[in-house]
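Numbering (the working numbering), first residue to last: -2 to 103. Backbone N, C-alpha and C fix where the C-beta goes; we use that ideal spot for every residue, glycine too. On a predicted model such as this, the values are computed, not experimentally measured, just so you know. Reading through the structure tokens given below for one structure.
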């Protein structure tokens, strides 16, 4: 739970400089609709932290020396999604990240 707790704490409390140490220099983020490199992803996360965005109901699914997998809930208008994030780790840092959104029924 060490890395999971770290990610939640940084996203909820900052500062973003702590996140920079967590993100590998060769980081890539794969989304359903595109891909971001380290700098693009860090810029997006910076905006979230500054907007005081918070994870809604985060749940740790798996954490070991190779992977961190967790889920959280996102409300998008009248729709509600469970987002699952899979972080592959390298040198103790997030190296590859992919997310998937699943519509939650009523």
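Of all the options 96, 87, 86, which has the alpha carbon lying nearest to the alpha carbon of residue 80? Along the chain shown, read from residue 1 onward, the residue named residue 80 stands at position 83. Comparing Cα positions, the closest option is 96.
In three-state terms, what does DSSP make of residue 51? To locate residue 51, count along the chain shown from 1; it is residue 54. DSSP places residue 51 in coil when its eight states are reduced to three.
Using C-beta distances below 8 Å, list every residue in its chain close to residue 56, excluding the 5 sequence neighbours before and after it, in chain order. Along the chain shown, one-based indexing puts residue 56 at 59. So the list reads 67, 68, 69, once near-sequence residues are dropped.
In angstroms with no decimal places, state the Cα-to-Cα distance between residue 49 and residue 11. Sequence index remark: in the chain shown, residue 49 carries index 52 (1-based). Sequence index remark: in the chain shown, residue 11 carries index 14 (1-based). Straight-line Cα distance between these residues: approximately 9 Å.
Under three-state DSSP, which class holds residue 84? Translated into the one-based positions of the chain shown, residue 84 becomes position 87. Three-state DSSP puts residue 84 in a strand.
Helix or strand or just coil, what does DSSP make of residue 102? One-based indexing of the chain shown puts residue 102 at position 105. The answer is coil: DSSP assigns residue 102 none of H, G, I, E or B.
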